[in-house]
Structure formats: C-alpha cells, structure tokens
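Enquirer: Please see the structure below; I have some questions.
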Amino acid sequence: MSDVYELVVTVDLRDEITEQELAELRWHLGIGPQPERLSIVTRFPFVVVDDSGDPVVVDEPHPLLAESGAASRVGGALCSALAGRVDLPGKGWSLTSRQEIHPDAFDIVGELLSWLAARAHSTHLIADHAAVRIGCIRFHEALTPHVLKVENGQVDWPA
Numbered sequence: 309m310s311d312v313y314e315l316v317v318t319v320d321l322r323d324e325i326t327e328q329e330l331a332e333l334r335w336h337l338g339i340g341p342q343p344e345r346l347s348i349v350t351r352f353p354f355v356v357v358d359d360s361g362d363p364v365v366v367d368e369p370h371p372l373l374a375e376s377g378a379a380s381r382v383g384g385a386l387c388s389a390l391a392g393r394v395d396l397p398g399k400g401w402s403l404t405s406r407q408e409i410h411p412d413a414f415d416i417v418g419e420l421l422s423w424l425a426a427r428a429h430s431t432h433l434i435a436d437h438a439a440v441r442i443g444c445i446r447f448h449e450a451l452t453p454h455v456l457k458v459e460n461g462q463v464d465w466p467a
C-alpha cells in the first residue's frame, strides 16, 4: 500500500517577490541553484541515527517541488515551471508544479504553499476572500482531486 498523492500547484503571483525570494523559489522548483541564505522555508528537519545509535535531528535543505521525469505512482510526468506574466494587473509570475508527495512532507511543503498563497494574485481568492485556491491534490488511487486551499496560513490537506 502506498500513501502517495499527486500534488498540482497552479498559482499566479503578484509582482512583490524580491530577487532573493525568486532565487529560492526557482531552487524549490528545480530550475535554479540553492541560494546561500534561505528565507521562505528555513528549516528542513530530518532524523538520522548517529554513531552511537541514537536518533538525531539534522537540517538537510532540499528543494520541495523539484522532481522531474516520469511519475512513479500517479502516472504522467513530474515537472515545475515559473514564467513571468505581463497580462496581469501589476504583472507577476505564473507557477505550475506537478509532484508526487507523501503525507510526511505535508508540513514542510505546506510552509512553501502558505508563502505562495500570501503572494497569490486576487484571482485565486475564494469567494469569501478568507482562503486562497492554490491547486489540487489527489490520492494516487482516487479518480477525482481535492481542491487545495490555504486559509489563515494553513493548508487544507486531505484527511
């Protein structure tokens, strides 16, 4: 049994992103090198076993939406792209990413998605303006996706 989900992020971002943030975003998408300083997602805790057999938490930065090539469980291809927009008011960026994700990664990927939602163009606001539509997620065996939204900085992950 596999707990893999298909995550599709499709969001238009306002043109309020600094060059440093843009560099880090490109790294997370697998289309740029890792910046020296991380400011969007700053902690990447990972548990390893030390030489004496004790579990130790280490920080292992890694891009969160950078997988590419054939998907192993959800079919199709995994990819990410970022394109400049000139047709939106204030210009901005369009981001698309299709990834496979395990529930163990929901928290850390949620940090990045919450950051994106805070910079999303108004076209992504849900009717009451309390939440932002950020994409969709689908359990690999499910036929229909779950709309993924961010409200009050929290991602509405499936139960």
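Counted the way my numbering counts, the sequence shown spans residues 309 to 467. All C-beta atoms, glycine included, are put in the ideal place defined by N, C-alpha and C. Bear in mind that the values here come from a model prediction, so they are computed numbers and not experimental data.
With three or more C-beta pairs closer than 8 Å as the rule, is the segment 402–419 touching the segment 448–465?
Expert: Counting Cβ pairs under 8 Å, three or more are found: they touch.
Enquirer: Do the segment 425–434 and the segment 445–453 make contact, defined as three or more Cβ pairs closer than 8 Å?
Expert: Counting Cβ pairs under 8 Å, fewer than three are found: no touch.
Enquirer: Among the residues of its own chain, which have a CB less than 7 Å from the CB of A331, if the five just before and after it don't count?
Expert: Walking along the sequence shown from the start, residue 331 turns up at place 23. Result list for A331: G340, P343, in chain order.
Enquirer: Is the Cβ-Cβ distance between R322 and R406 less than 8 Å?
Expert: For the purposes of this step, residue 322 is identified with residue 14 of the sequence shown, where counting begins at 1. For the purposes of this step, residue 406 is identified with residue 98 of the sequence shown, where counting begins at 1. Not closer than 8 Å, so no.
Enquirer: Using a Cβ-Cβ cut-off of 6 Å (strictly less than) and excluding sequence neighbours within five positions of L424, which residues of its own chain qualify?
Expert: By one-based count along the sequence shown, residue 424 stands at place 116. Excluding positions up to five away in sequence, the list reads V319.
Enquirer: Using 8 Å as the Cβ pair cut-off and three pairs as the minimum, do the segment 348–363 and the segment 439–446 touch?
Expert: The segment 348–363, when compared against the segment 439–446, does not touch it at the 8 Å Cβ threshold.
Enquirer: Between H437, V458, R441, P411, which lies nearest to E314 when the distance is taken from Cα to Cα?
Expert: Sequence index remark: in the sequence shown, residue 314 carries index 6 (1-based). Among H437, V458, R441, P411, the Cα nearest to that of E314 belongs to P411.
Enquirer: Can you list, in chain order, the residues of its chain with a C-beta nearer than 7 Å to that of A379? Leave out the 5 residues immediately preceding and following it.
Expert: Looking up residue 379 in the sequence shown gives position 71. Cβ within range, chain order: A385, L386, E408.
Enquirer: Please determine, among P466, K457, A467, V316, the residue with the shortest C-alpha to C-alpha distance to V382.
Expert: On the sequence shown, position 74 is the one that residue 382 refers to. Of P466, K457, A467, V316, the residue nearest in Cα terms is V316.
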